[in-house]
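Colleague: Chains as they are written, first to last, in the working numbering: chain A, 224 to 506; chain B, 3 to 761; chain C, 81 to 251. C-beta atoms are modelled at their ideal positions from N, C-alpha and C, and glycine is treated no differently. On a predicted model such as this, the values are computed, not experimentally measured, just so you know.
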Amino acid sequence: MSVIIPTSLHSALQALADSPEATVLAGGTDLMVELNSGHRQVPSVIAVSRVPELCSWSHDAVAGLLHIGAGISYDEIAREPIAQWVPALAQAARTVGSPQIRHAATIGGNLGTCSPAGDGLPVLAALDAMIHLASLTGVRTLSFADFMVGPKRTARLPGELITGVTVPVVRGWQGYSKVGVRNAMVIAVASAALVADSDAGTVRVALGSAGPTILRCPEAEAFAAAHVDFAAGSAADSVVDQFAGLVRTAARPIDDHRSSAAYRRHAVGVLAGRLLRRAFPHG
Amino acid sequence: MTDAPTRSELRGRLGDSIARPDGVPKVQGTFAFSGDLSADGFLWGATLRSPYPHARIISIDLSGAWKISGVEAVITATDVPGKSTYGLISHDQPVFAVDVVRFVGEPIAAVAADHPETCRRALAAIVVEYEVLPPLVDPERAIDGSHAPVHPDGNVIRHQRIVRGDQTIQGPVIVEGTYELGMQDQAFLGLEAALALPDSGGDGIELFVATQWLHEDQKQIAACLGFPEDKVRLTLGGVGGAFGAREDISLQVHTCLLALRTGRPVRMAYSREESFLGHVHRHPCTIWMRHHADYDGRILRVEARFVFDGGAYASTSSAVLINGITHAQGPYKCENATVDGWAVRTNNLPCGAMRGFGVVQACFAHEGQMDKLAVAVGSDPVAIRLLNAMETGDRLITGQVIENVAPVARCIRETAALPLPSQPVGGHDLDPLRLPGGSGLTADVSHIRRGIGWGVAIKNLMYSEAFDDYSTARVRLADGVASVKFATAEVGQGFVTIAGQIVRSILGVDEVIIEAIDTTVGSAGSTSASRQTWMSGGAVDGACRLVREQLFQHVGQMHGIDPLRLTIDGRDVVDAEGSLRVSVTDASAGLELDQTFEHHHRPTEDLDEFGQGNCHTAFAFVAHRAVVDVDVELGLVKVVQIATAQDIGRALNPLSVVGQIEGGIAQGLGLAVMEEIIQIDGHVRNASFTDYLLPTFLDMPDVAISLIEEPDPMAPLGAKGVGEPPTISSTPAIVAAIRDAIGRDLTRVPVRPNDICLP
Amino acid sequence: MAESQIYSLHVNGEQREVADAWLGESLLFVLRERLGLMGSKGACEQGECGSCSVLVDGALVCSCLVLAAAAVGQQIVTIEGVAPVGSPSDVQQAFVDAGAVQCGFCTPGLIMAAHSLLERSPAPSEMEIREELSGNICRCTGYGRIIDAVQRVAVARIVVNGRGIDGGIKS
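This is how it looks when you write it as structure tokens:
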């Protein structure tokens, strides 16, 4: 086994090019669990936490974009200033594992693992985040929808490194809700993110732990956009109920030891309805 | 100012909230837990376990493991020189599986190697060929005989009835329910670990291990190794919690066998996943109950049927069963009873002791029934319990008379008198962390309903059914310094603190040395059944009194005073009728006073075929009131407050008592709303802390406590054990509070979100 | 299992050499088994209990989730680096005095978390204490005495610093 600790993006990409089968280690909070249990053998590890290009963020006020480097921790995302631009992502960040996990875990690692229960992912999906990948031969950018192709499966190619994510700074309400069976340090049984984009006049909703990938709910989104009043910040109770129903229909949950498909379907409807009501507090 | 000489008060006597003697090493990380112990040239040990709940072993090929560099030993059942099985009550569990495996995780082989990763590879290289057999996972099929025996001892571990009084009573008020409890894990944090050091001639072994009962381990290990008991010397390795899971053998024999085989020290340490498979758990249980009462709600008769799933091996299942059924009435007067109890064998994980030991199960059922009874007669949860509250002199359904202090009504009243939470739903600060769902931001205040529920419990203390239960202590006094020796397993409960307090109180010394806890002194029995304060406390107390008698005789002789006139006052020996005052230090100068005392509790009896007999030693009582906030739509729960009044006899160390109460309630809360080992067809689905959830800081509420101190004349120090009662009725109190909030019945713990919000 | 080159870690202010280690070892394993620092405890191996908490470059993390060989060059502080043996820190002493210790297995990790919390937030509210320590599982105490211990330290530090708090405690 070998461990490489590159200190520049170029050397990281060179190392990946040299051994495309190498495992990228970010915060370690997923990979180390597998190493400790012996469930996974890795011949070589490239630890990217010292790559400065991955460990910065930038806010472009003119373009209304926030770029978050892959190595930014969830602890940092949960706090100001990032929290003011993407409050839903900050809310999701606050639910990631424990304080210890949030100090180590990065948004790039969350994307790399790409579990349907990954806390940050529904927000990235609802924000139509763009995922940046780099290799020695070039860079490419994928929408979140194109990036996550299955449970713990991504479009990242051998030799590619996730370098960061760009999200729009949206005017309007956004929020995240997550159900777990205890009040801290818990994996999502079901989660939902909702973004009300008042400039675009759209409502976007994404579900976690409710299908093989993070699910967007196009019918529910279209219904909401057509029936809420952005100016008044209002939505009728019947609209909230129908929206919740459409979200339930969009869910594709499974039964497992953490919960049942029936509960997950029910819960994402409740969460989405409550999020819509928070976005449009008036009846 | 006075002219009196200043004498600093002797601190750390009984009743003082002094700090633990092992506190500083524990906070500094220098306290040696069993997993921290090492020795020059040691090897790591590891265990190969069955992936199947039930299978025949066709063949085991060890050759692959032997080929791996760094592997020093590979052993199986054929390498066990002595008895091939062990067990606390019946010796039905193999050291390594022979021919057949009966649960997922059953040990098949063990290896010793130079690194844990080498061990892992060696285990992976062992090839076992199985013929998979259908698992028995339904306890009812063990009872009705429709499944072939999965063990030569049969599928019924024990069946016991209780038949008392008038069997014809029906009503006039009848309430009935079926209650179910999932399998809870003790989940101590300090994983199973041991260090074995073989004697140079290979004819003996020294074992450092985290256990609850050194001498019982010694007996079982020696039998399996084929050694006389004195060739197996045990020392308590620091214990990171126990809660019942360390009463049975886990890695002890394996570690010793590997050390003897290699002639080198061997360390074994379970992973969390392995720990879930490698120790016994709280029994899953299904209980049907029917109460007959008069129109006021007075209980006239209880009918019940208990089915405890013991899993693959017997462990203490037969005793857990007896505890469960003999507590079927709860802390309530009841003259007539018809109870049928089963403890059965299945291919699920083996079950045995966990804090509350059968009574947790009974209490969940009888407390559910009391609330139903209150509704049926138009009463309320407090009034119905007060109406039926047991008192000293009442008879149990076994015919045994309660001779202990039994302040059941006082427990209920004092709990009711504790203030309800001052904060409204969501709190004055509207911090979302106060709501169910916490930082998941699932709810707003408008989604929450608050509920209040009650639970009251009776718990037997010490061992039952004619077991000669005793504890030994040796106390020495020389030059004003006392040392005390016992084999009492300190598992975190604080016996080492109490022991020092007893010695200081009785001998008037400041300095008390707690000697190594090992098998070079007589047995202390198990740290379980809320028994050590009473039993080992009684032994230390007895030994101190013998030493004090010797000291008084010596002082009496020196000064020509009748020793009966002497007492201890602070740090001095004083003449109650004269002027003599001499410090204990001076009085014991040059002496070597040394006494050993065995404390036995009063004998108990076996139950007869009708479940009658004085089978228990003593009893303690407790009441809990829970306040919960429930998100009815999502089924999420936040416990807001637990109020409790507990019958403790006497608080020897009030701070320790509070710690036991709060900690016990946390485990009761866990069972109520989150903790369960999930098995499907005998396969375990959540053997990790990611998926077996324990309460965190944000799940545990404030606890309001009232200590009820009515010293029990039967207890050596007036103090009852306090460890188990907090765990017992906190669970039903929380479930009752959830029922109150949502207005529907809940009959199973842990309560899952879908139980609350889905049809 | 020797399959590594030598590397060194910066632990509690000292450079410590790690030889003959398997490179897949966690920082927790290396601290305990290679460097003899047994104070950090392992109870879950997956970051779900906090018993192994240490500081890496000032951040509280689970050492079981740190690949030791990737921590080269980082400043690591363990429970052994908090205070000299026999001279407990204020947080450590408060845990002892408040009855926050029973079996003690979770305690070193909680001491690290409590110190880290009080560094960042000298007067935390009860809910803040609960959230910040929620990554540390204690199976014995039910947490009440631990919260009391942290609050005692916060009050004592403010009194020492002479700033006074809402309750009017002044030096």
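I need the DSSP call for W780 (chain B), collapsed to helix, strand or coil.
Modeller: Limits of chain B in this structure are 3 at one end and 761 at the other, which puts residue 780 (chain B) out of reach.
Colleague: So, are the CB atoms of C336 (chain B) and I301 (chain B) less than 8 Å apart?
Modeller: yes
Colleague: List, in chain order, every chain B residue whose beta-carbon is nearer than 7 Å to that of D177 (chain C).
Modeller: A21
Colleague: Skipping 5 residues on each side, what residues in its chain have a beta carbon closer than 6 Å to that of V462 (chain A)?
Modeller: Cβ-Cβ distances below 6 Å link V462 (chain A) to H450 in the same chain, with the five nearest sequence neighbours on each side left out; the list follows chain order.
Colleague: Can you give me the start and stop residues for the alpha helix (DSSP H) that V322 (chain B) sits inside?
Modeller: Boundaries of the alpha helix (DSSP H) harbouring V322 (chain B): S319 to T328, taken from the DSSP string.
Colleague: Give a yes or no on whether 8 Å exceeds the smallest Cβ distance from D18 (chain B) to chain C.
Modeller: With respect to chain C, the C-beta atom of D18 (chain B) has no partner C-beta closer than 8 Å.
Colleague: Whole-angstrom Cβ separation of C413 (chain B) and I70 (chain B), contact assumed at under 8 Å?
Modeller: The beta-carbon separation of C413 (chain B) and I70 (chain B), rounded to 60 Å, does not stay under the 8 Å limit for a contact.
Colleague: Return yes when the Cβ of V175 (chain B) is within less than 8 Å of the Cβ of G455 (chain B), no when it is not.
Modeller: no
Colleague: Which value, in whole angstroms, describes the spacing of the CA atoms of G287 (chain A) and V392 (chain A)?
Modeller: 5 Å
Colleague: Whose C-beta lies closer than 6 Å to the C-beta of D574 (chain B) among residues of the same chain, with five residues either side of it excluded?
Modeller: R583 and S585
Colleague: Which residues in chain C sit within 7 Å of S317 (chain B), going by Cβ to Cβ distance?
Modeller: Within chain C, no residue has its beta carbon less than 7 Å from that of S317 (chain B); the closest one is some 21 Å off.
Colleague: Residues in the same chain with beta-carbon distance under 6 Å from V407 (chain B), minus the five sequence neighbours each way, listed in chain order, please.
Modeller: Hits under 6 Å: E712 and D714.
Colleague: Along chain C, which residues have their Cβ under 7 Å away from the Cβ of V511 (chain B)?
Modeller: None at all; the shortest Cβ gap to chain C is about 22 Å.
Colleague: What do you reckon, are the CB atoms on P229 (chain A) and A240 (chain A) nearer than 8 Å?
Modeller: Not a contact, by the Cβ cut-off of 8 Å.
Colleague: Check each residue of the stretch 181-202 of chain C: if its Cβ is closer than 7 Å to any Cβ of chain B, include it; give the result in chain order.
Modeller: V181, Q182, C183, G184, F185, C186, T187, P188 and I191
Colleague: Quick one: using the 10 Å Cβ neighbour count with 16 as the cut-off for buried, is S530 (chain B) buried or exposed?
Modeller: So S530 (chain B) counts as buried.
Colleague: Can you list, in chain order, the residues of the stretch 141-167 of chain C whose Cβ is nearer than 7 Å to any Cβ on chain A?
Modeller: From the stretch 141-167 of chain C, only V141, C142, C144, L145, V146, L147, A149, A150 and V152 have a Cβ closer than 7 Å to chain A.
Colleague: From what residue to what residue does the beta strand (DSSP E) around Y181 (chain B) run?
Modeller: V175 to L183
Colleague: How far does the alpha helix (DSSP H) with T472 (chain A) in it reach, from first residue to last?
Modeller: D460 to A473
Colleague: Quick check: the Cα distance between V498 (chain B) and V372 (chain A), rounded to an integer number of angstroms?
Modeller: So the alpha carbons of these two residues sit roughly 58 Å apart.
Colleague: Between the stretch 619-634 of chain B and the stretch 642-651 of chain B, do at least 3 Cβ pairs fall closer than 8 Å?
Modeller: yes
Colleague: With a cut-off of 8 Å, does the C-beta of K350 (chain B) fall near any C-beta of chain A?
Modeller: With the sequence shown as reference, residue 350 (chain B) is identified as Asn, and Lys is not the correct amino acid for it. No - not a single Cβ of chain A is within 8 Å of the one on N350 (chain B).
Colleague: So, is V134 (chain B) buried or exposed, given that buried needs 16 or more other C-beta atoms within 10 angstroms?
Modeller: Label assigned to V134 (chain B): exposed.
Colleague: Check the Cβ of K766 (chain B) against every Cβ in chain A and list those closer than 9 Å, keeping chain order.
Modeller: There is simply no residue 766 (chain B) to check, as chain B begins at 3 and stops at 761 in what is shown.
Colleague: Counting only Cβ pairs nearer than 8 Å, list the residues of chain B close to S260 (chain A).
Modeller: S273 and E275
Colleague: What would DSSP say about I228 (chain A), mapped onto helix, strand or coil?
Modeller: When secondary structure is reduced to three states using DSSP, I228 (chain A) falls in the coil class, being assigned neither helix nor strand.
Colleague: Across which residues does DSSP place D596 (chain B) in a beta bridge pair?
Modeller: DSSP lists B:R478 as the beta-bridge partner residues of D596 (chain B).
Colleague: If we call anything under 8 Å between Cβ atoms a contact, is C124 (chain C) one with V493 (chain B)?
Modeller: no
Colleague: Along chain C, in chain order, which residues have C-beta atoms closer than 8 Å to that of L347 (chain A)?
Modeller: Neighbours of L347 (chain A) on chain C: none; closest Cβ ~22 Å, over 8 Å.
Colleague: What would DSSP say about K401 (chain A), mapped onto helix, strand or coil?
Modeller: strand
Colleague: Of the choices B:R104, B:R274, B:D101 and B:D94, whose alpha-carbon is the least far from that of N259 (chain A)?
Modeller: Nearest neighbour of N259 (chain A) by Cα position, chosen from B:R104, B:R274, B:D101 and B:D94, turns out to be B:R274.
Colleague: Output yes if chain B places a C-beta closer than 8 Å to the C-beta of E94 (chain C); else output no.
Modeller: no
Colleague: In chain order, what residues of the same chain have a beta carbon less than 6 Å from the beta carbon of G651 (chain B), not counting five sequence neighbours either side?
Modeller: P713, D714, A717, G720, A721 and K722
Colleague: Kindly indicate which three-state DSSP category W456 (chain B) falls into: helix, strand or coil?
Modeller: strand
Colleague: State the CB to CB distance for the pair Q503 (chain B) and N655 (chain B), rounded to an integer number of angstroms; the pair is presumed to be in contact (CB under 8 Å).
Modeller: 6 Å
Colleague: Alpha carbon to alpha carbon, how far is T386 (chain A) from L248 (chain A)?
Modeller: 13 Å
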